[in-house]
Structure formats: structure tokens, C-alpha cells
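Just so you know, the sequences run in chain order A and B. Numbering-wise (this note's numbering), the first sequence opens with residue 11 and increments by one. Numbering-wise (this note's numbering), the second sequence opens with residue 2 and increments by one. Here's the structure we're looking at; comments come further down.
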Amino acid sequence: MTFLFFIFAALALIGGIGVVAFKNPVSSAFSMVVSFLGLAALFIQLNAFLVGVLQILVYAGAIMVLFLFIIMLLDVPQEEKKKLPFFTALGAGGIVLAFIALLVVMLSRSEVGDKTLPALEATSGPGTSDVHKIGELLFSQYWFPIQVVGILLLVATVGVVVLSKRELK
Amino acid sequence: MDWQLIIASVIKIVGFVFLTTLPLVALSVWAERRVSAAIQDRVGPNRVGPLGLLQPVADGIKFLLKEDFTPSHVRKGYFWLAPALTMVPALMTCAVLPFGSKIFGEKMVIADLDVGPLFVFAIASLTVYGIVLAGWASNSKYPFLGGVRSTSQMISYEISLGLSVVPLIMIYGDLNLGRIVQNQAEHGWALLPLWGEGLSLKGFILAIPVFISFIIFTTSMFAETNRLPFDLPECETELVAGYHTEYSSMKFALFFLGEYAAMIIGSGLAVTLFFGGWSLPFGWLTPESVDAEVPWWHGLIHIGTFFAKVIAFILFFIVVRWTLPRFRYDQLMRLGWVFFFEIALFNVVLTAILLIIFK
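Structural data, given as C-alpha cells:
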């Protein structure tokens, strides 16, 4: 099913280009959603169902909705079309080309560039799905980082409540 | 390429989504009008066909033939995209709902994923884009307010919706909807543990958190599908018609159908999680395991059972709509964030404690 890979990779790339290319902020935010959907489909093709679904649930379904919400509420104006100064364009293009060259050189020299990394094993059945595996790893091998992240999130939540309450008084 | 899989999937998609869910959408519109009429002591649509059953056909023809008017002040591209974006996700969530056991060795679910409920929530959370874009693209006051309301409402209730399912997942230890249903068929439905292993002290005590989950789940479902008593995004008395004020003809109909499709899928998910999906009560005609062969007429009975339960749930949705008054907007947000969110979190902890006690 390689053609599916190309379809969704193209979707992700077109979305990514759209984020930068569109002048209208709502169109940009929307292209980002399209890009996320393409990415999620790529994850699912690698049998990483949980990652793919979380990509949609968290990024496309929650974070980008908030982005759109803010953009619409603040009524962010359209970017004005202005001519790019020559040296800015040259510098930006140079950085892009240098980065692509770096990637090509690195990938052609290392072994990683030659082989296809395997997809997750397509398993089904109680206790063997990727959700179970990730859950078991998180709560056995990585229990400490999980606790730390949990405390970080809690602190952030408390911070948000304190900051947003301050104005009310 | 596996042609057998593709052909079977296409038959299931056409049969379940296009030949069953969409007619069910039309029928629930009819049922809504008849039930509301009965509740308000009116007659309701009863002229077209027997009992007015052909009314949806007449409605459909009317929607198609009416002028498709696009106001000049709208943002065209998004104005056209928005109705499709409400309808498509609603139908896509059909993919993981097990609507029967097996017929001729073929599982009656379009995609047997191991992340079933998560998939439904993920795709359903995309529905909000249609409404937001409709409100924004209409480029006028009331639709915009409707879109903004809808966004904050859906984000608020998605959290309690997701959290309310966690206790069930903890009890079953599985995210595959097919196996969850099989488990309920053998050991009693989540809300009615009256047979199998469910008929024990553990089963009855675990039914308490499940019941709390059910209340939160159903109420959040009403909010997610923008149905009364939570239809603030389109409430007529304040916002004309909310986010679809500027829409006419088939584009309006798509919003309408999307709302009902979401309601049907919501009912399907509630039935699957809390009322044993396609399974008959007391373990009648229960297959031995998820992969066991089932006679074809058992399969047909299971499909019938599933849709009977879904229709009963839809009728419940309709009766609630015509019974309760609308919430005020601040009450709606308070209910979501101050009550349901906390109760759902507490429910998760309660379930964990109960599961440790009754290992």
C-alpha cells in the first residue's frame, strides 16, 4: 500500500506549505489541521494506532480548535502583501538549502538512511495491542518520568488558574 | 492487495453507513416531529404515505429543489466547506462501531481497531470545525456568536465525555469495542450485570461507577451533539438560528443531517459501552468468543438487537429534547467545568479503588 503513503505524505506536506503560504490566519490554521491529519494517517499506516489517534484527538481536535477560536475572537487581520527584500530572501533560501544539503549528506553516510525502519507489529488481541504495550512501558520502565510530567502539568494548571483569577478580584 | 478484505469492507460501509445510518437519520427526523407533536398534543406530519413515513422523502426533495442561495458577504470557500465538515466526521465514526457479531465468518464492524472509543472521540472532535467555520465564514453577527459558543461548549464537554469512559475501560481492560461487547454478552451488560460473572457482589458494586459514568456520558453527548437542553450554538430565541442562519437549501440540510447522524453514532456508542451493543440479555445466543463462528441467523438477530437498542436510545434523546427547557449559557459552562469534570475525575479514582478491593 505504498500509494497510500504518498497520498498522506503529500497531504501533510501541502498542509505544511499552506501554513506558511496563506495570508489569511484562519486558512493557515486550517492547513495545519490538514497537515496533522496527514501525519496521523502516516502513523496509523505504521500500525501506531494510539499515536495516530492521539495526534488527531489532541492536536487537530483540541489545540488547533483553540488556535482558531483565538484567531477568530481577536480578529487577526490578513497579512499584507509586501515585497521580500533581496538579501532576506537570499539568506532564507541559503539556510533552507544548507539544511537540505546537511540532511542529504548525513542520511547518505549513516546506515539509517539505507534501510527502511520497520513498522510496529500489526497485532490484535487482549494485551498485545500498541495501546497495552505503551501503557505497560509507561507504568513500569518509565514510571518516574511520568510522575515528573504529571507534576509539571499540575503546576501549569494551578498557574493558569491563579493567573486568570487575578484580574477578577 | 487483499481483494476479499476490500470487497467485504465496501459492502459493510455501504450497508451500514449508507443503507442503514442515513435512512435512520431521515427516520429520526420524522420521529422527532411525530414525538414532539404527540408531546405537545398536536398531530404532526401524517399526510405523506402511511403515518407520514414518507415525509423525509418529501423533505429531501424540497431541500434539493430549493434555491441554493449564497449571500454576497460570506467567505465563499469556507462557506461551502463547512456543511461537509459537519457531516463527514459524523459518518466516519461509524467505522469502529460493532453493529453485529458475525455473518458468514465476517466480523460486523468496518474497522476492528484496538483504539475504538479513542477513535470515535478523535473524529467526533473534528465536527467542531464545521460549526466554527460556518459561523466565521457567514461573516455576520449571530452565526459568529453561535460558532464561538459551539467551540467553547464542545471543548468543555469533550473532557468530561472522555473521562466518563475511562472507568469502563479500566473495568474491561480493553479498548477494542468488539471485545468489550463480547465481555458484556458473557458477563452482563455494564449497567445491568444480571448474569454470568456480573451476578456477584463485585458486579453490583462496580455498577455504581458505571452508572455515574453513564449519566455524565449521556449528558455530555447531548452537549456534544448540540441538542436541547444544550443547543446554545443555534438557540432560536437568542441567535436567530445560530451558526446556520445564512445557510439555505441542501447546505442547511447537511448541518441538520450531520446533527442527527452525530446523535445516532452517539446512541450507538452509548449502547455499545453501557448496554451490551449487539448482545441479547441473559447470555442468549452469545457466541463463545470474539472469533467463534456464529450461525448466520444469530448474526442477523444480533444486528437487529443493536439497531433496536439504538432506536430506543434515539427516542430517549427526542423525548428529552421536548421535555427539558434550555440551559442558560453560564449554567452550561458551570455544569461542564465545575460539576461533570470533577465528578468524572472522582469516578476514575473510585473505580480504581473498587478494582483494587475486588481484585
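Positions of the beta carbon are idealized from the N, C-alpha and C atoms, including for glycine. Just so it is clear, the structure is predicted and the values come from calculations on it, not from any experiment.
CB contact below 8 angstroms: Phe120(B) versus chain A: As a working note, residue 120(B) is residue 119 in the second sequence. Phe120(B) counts as touching chain A.
Cβ distance (whole Å) where Gln65(A) is taken to contact Phe15(A) below 8 angstroms: By 1-based counting over the first sequence, the position of residue 65(A) is 55. By 1-based counting over the first sequence, the position of residue 15(A) is 5. Not quite, the Cβ-Cβ distance comes to about 16 angstroms (not below 8 angstroms), so this is no contact.
The stretch 59-78 of chain A in contact with the stretch 111-123 of chain B per 3-pair CB rule at 8 angstroms: yes
Environment of Leu134(B) [buried if 16+ CB atoms lie within 10 Å]: Position 133 of the second sequence, counted from the start, is the residue given in the question as residue 134(B). The residue in question, Leu134(B), is buried, as its Cβ has 16 or more Cβ neighbours within 10 Å.
Cβ pair Leu25(B), Ile265(B) closer than 8 angstroms: Here residue 25(B) corresponds to residue number 24 of the second sequence, with the count starting at 1. Here residue 265(B) corresponds to residue number 264 of the second sequence, with the count starting at 1. In this structure, Ile265(B) lies closer than 8 angstroms to Leu25(B) by Cβ.
Local conformation of Ile111(B) per DSSP, three classes: To locate residue 111(B), count along the second sequence from 1; it is residue 110. Looking at Ile111(B) - three-state DSSP - the assignment turns out to be coil, as it is neither helix nor strand.
Which listed residue (His303(B), Ile357(B), Phe145(B), Ala254(B)) has its alpha carbon closest to that of Gly278(B): Within the second sequence, numbered from 1, the residue matching residue 278(B) stands at position 277. For the residues His303(B), Ile357(B), Phe145(B), Ala254(B), the minimum Cα distance to Gly278(B) belongs to His303(B).
Residues near Ser201(B) in its chain [Cβ-Cβ closer than 7 angstroms; skip 5 each side]: As a position in the second sequence, residue 201(B) is number 200, starting the count at 1. Nothing listed; no residue qualifies.
Neighbour flag for Met82(A) against chain B, beta carbons, 8 angstroms: Residue mapping note: residue 82(A) aligns to position 72 of the first sequence, counting from 1. Cβ-Cβ to chain B under 8 angstroms: yes for Met82(A).
Under 8 angstroms between C-beta atoms of Ser10(B) and Ile111(B): As a working note, residue 10(B) is residue 9 in the second sequence. As a working note, residue 111(B) is residue 110 in the second sequence. Result yes, Cβ atoms of Ser10(B) and Ile111(B) sit closer than 8 angstroms.
Cβ-based neighbour list, His299(B), same chain, cut-off 6 angstroms, excluding 5 preceding and 5 following: On the second sequence, residue 299(B) is found 298 positions in, with the first residue counted as 1. If we look at His299(B) and ignore the five residues flanking it on each side, its Cβ neighbours are Leu286.
Integer Cβ distance of Ile315(B) from Ser268(B), believed to fall under 8 angstroms: Sequence index remark: in the second sequence, residue 315(B) carries index 314 (1-based). Sequence index remark: in the second sequence, residue 268(B) carries index 267 (1-based). Their Cβ separation, rounded to whole angstroms, is 5 angstroms, which keeps Ile315(B) and Ser268(B) in contact under 8 angstroms.
Any 3 or more C-beta pairs closer than 8 angstroms across the stretch 44-58 of chain B and the stretch 91-105 of chain B: no
Where Met116(A) falls, given that 16 or more other Cβ within 10 Å makes a residue buried: Translated into the one-based positions of the first sequence, residue 116(A) becomes position 106. Burial call: exposed.
Amino acids of chain B, ordered along the chain, whose beta-carbon sits closer than 7 angstroms to that of Val141(A): Looking up residue 141(A) in the first sequence gives position 131. In chain order: Asp115, Val116, Leu176.
Under the three-state DSSP convention, the category Lys67(B) falls into: Taking the second sequence and counting its residues from 1, one reaches residue 67(B) at position 66. It is coil, neither helix nor strand.
When Glu225(B), Pro194(B), Asp175(B) are compared against Leu162(B), the one with the closest alpha-carbon: The residue you call residue 162(B) lines up with position 161 of the second sequence. The shortest Cα separation from Leu162(B) among Glu225(B), Pro194(B), Asp175(B) belongs to Glu225(B).
Beta carbon proximity, Ser280(B) to chain A, threshold 8 angstroms: Locating residue 280(B) in the second sequence gives position 279, counting from the first residue. Judged by the 8 angstroms Cβ criterion, Ser280(B) is not in contact with chain A.
Contact set for Tyr79(B): own chain, Cβ-Cβ below 6 angstroms, skip 5 residues either direction: Along the second sequence, read from residue 1 onward, the residue named residue 79(B) stands at position 78. Leu134, Ala138.
At least 3 beta-carbon pairs within less than 8 angstroms: the stretch 213-230 of chain B vs the stretch 63-72 of chain B: no
CB contact check: Ala31(A) to chain B, cutoff 8 angstroms: Translated into positions along the first sequence, residue 31(A) becomes position 21. Closer than 8 angstroms: no.
Nearest neighbour of Ala262(B), chosen from Trp4(B), Lys13(B), Phe17(B), Ser165(B) [CA to CA]: Locating residue 262(B) in the second sequence gives position 261, counting from the first residue. For the residues Trp4(B), Lys13(B), Phe17(B), Ser165(B), the minimum Cα distance to Ala262(B) belongs to Phe17(B).
For Gly197(B) and Gly189(B), believed in contact at Cβ under 8 angstroms, the rounded distance: Taking the second sequence and counting its residues from 1, the one referred to as residue 189(B) is at position 188. Taking the second sequence and counting its residues from 1, the one referred to as residue 197(B) is at position 196. Contact holds; Cβ gap of about 5 angstroms.
First and last residue of the uninterrupted alpha helix (DSSP H) at Tyr143(B): Numbered from 1 along the second sequence, position 142 holds the residue referred to as residue 143(B). First-last of the alpha helix (DSSP H) with Tyr143(B): 142-173.
Beta-ladder partner(s) of Lys103(B), from DSSP: Taking the second sequence and counting its residues from 1, the one referred to as residue 103(B) is at position 102. Bridge partners of Lys103(B): Lys108(B).
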